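Asks: What follows is a structure written as structure tokens; I'll ask about it next.
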Amino acid sequence: MNRFSIRFLILLVAVIGLSACGFKLAGTASLPQELSTMHLSVNGLTEKQQTALRQRLARAGAQFVKRDDAGAVSLTVSYKVLPNRRLVSSASNGKSVERVARSLDFALKSADGVLLAPTKTLFQQRDIQLDDDNLLASDKEQRKVVEDLEQDLFNQLVQQLIRI
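With positions in the sequence shown counted from 1, the corresponding number in our numbering is that position plus 81.
As structure tokens, then:
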């Protein structure tokens with residue numbers, strides 16, 4: 082056998098093995114059928130955050146409709162920016178450590194108004210090192226951490242919805 086055939090055989094065995102054990106790529110989990118049609122009501126989210134949340138829910142199988150569509154569940158989401166907390170500050174090198182935290186409240190109601198999931202709060206936080214001598218890099222790092230927190234909250238929300 083030549084190298085190409087051996088590589089192909091190894092790849093084929095790996096693919097079959099992974100699919101047989103139930104492996105799925107991260108973010109490919111699907112919402113239950115009864116949650117696939119939903120009305121999304123948001124509070125405290127920017128347009129960019131709303132788009133990211135809708136995309137994440139759509140990847141999980143959600144289709145968005147207007148509030149008055151029959152059979153659609155109603156998902157209410159509220160996003161909160163919690164104040165940063167300075168944990169450590171060093172006067173000698175101008176560095177500090179801050180805790181950045183965000184929370185997301187959500188509730189889910191059926192089409193006929195029955196509460197499927199009472200209001201629940203999801204919480205994410207990260208500690209970040211900031212450099213007072215390099216504010217531009219610190220701001221960029223903080224924005225990246227906030228984006229990561231938002232994505233983690235949206236993923237956590239989808240995982241909670243899948244369990245319903």
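Even for Gly, the Cβ is constructed at its ideal location relative to N, Cα and C. Remember, it's a predicted structure, so these values are computed and weren't measured experimentally.
Going by DSSP, name the residue or residues bridged to I209.
Replies: I209 pairs with E179.
Asks: Per DSSP, what kind of secondary structure is G108 in: helix, strand or coil?
Replies: At G108 the pLDDT is 48, less than 50, meaning the model places this residue with poor confidence; the figure from the coordinates comes in the next sentence. Looking at G108 - three-state DSSP - the assignment turns out to be coil, as it is neither helix nor strand.
Asks: May I ask you to list the residues that DSSP assigns as paired with T132?
Replies: According to DSSP, T132 bridges with nothing at all.
Asks: Classify L92: buried if its beta carbon has 16 or more other beta carbons within 10 angstroms, exposed otherwise.
Replies: So L92 ends up on the exposed side.
Asks: Do L197 and R180 have their C-beta atoms closer together than 8 angstroms?
Replies: Against a cut-off of 8 angstroms, the Cβ pair of R180 and L197 comes out as no contact.
Asks: Checking the sheet assignment: what are the DSSP bridge partners for N124?
Replies: For N124, which the question treats as bridged, DSSP gives the partners S159.
Asks: Of the residues L116, G125, K147 and E222, which one's Cα is nearest the Cα of R244?
Replies: It is L116.
Asks: Tell me which residues share the same chain as S122 and place their Cβ nearer than 6 angstroms to its Cβ, disregarding the 5 neighbours each side in the sequence.
Replies: Cβ within range, chain order: T157.
Asks: Count the other CB atoms within 10 Å of the CB of V94; is the residue buried (16 or more) or exposed (fewer)?
Replies: V94 comes out exposed.
Asks: Between the beta-carbon of G175 and the beta-carbon of D208, is there less than 8 angstroms?
Replies: Going by C-beta atoms, G175 is not nearer than 8 angstroms to D208.
Asks: Report the rounded CA-to-CA distance for S177 versus Q130, giving the unit in angstroms.
Replies: Cα to Cα, S177 sits roughly 28 angstroms from Q130.
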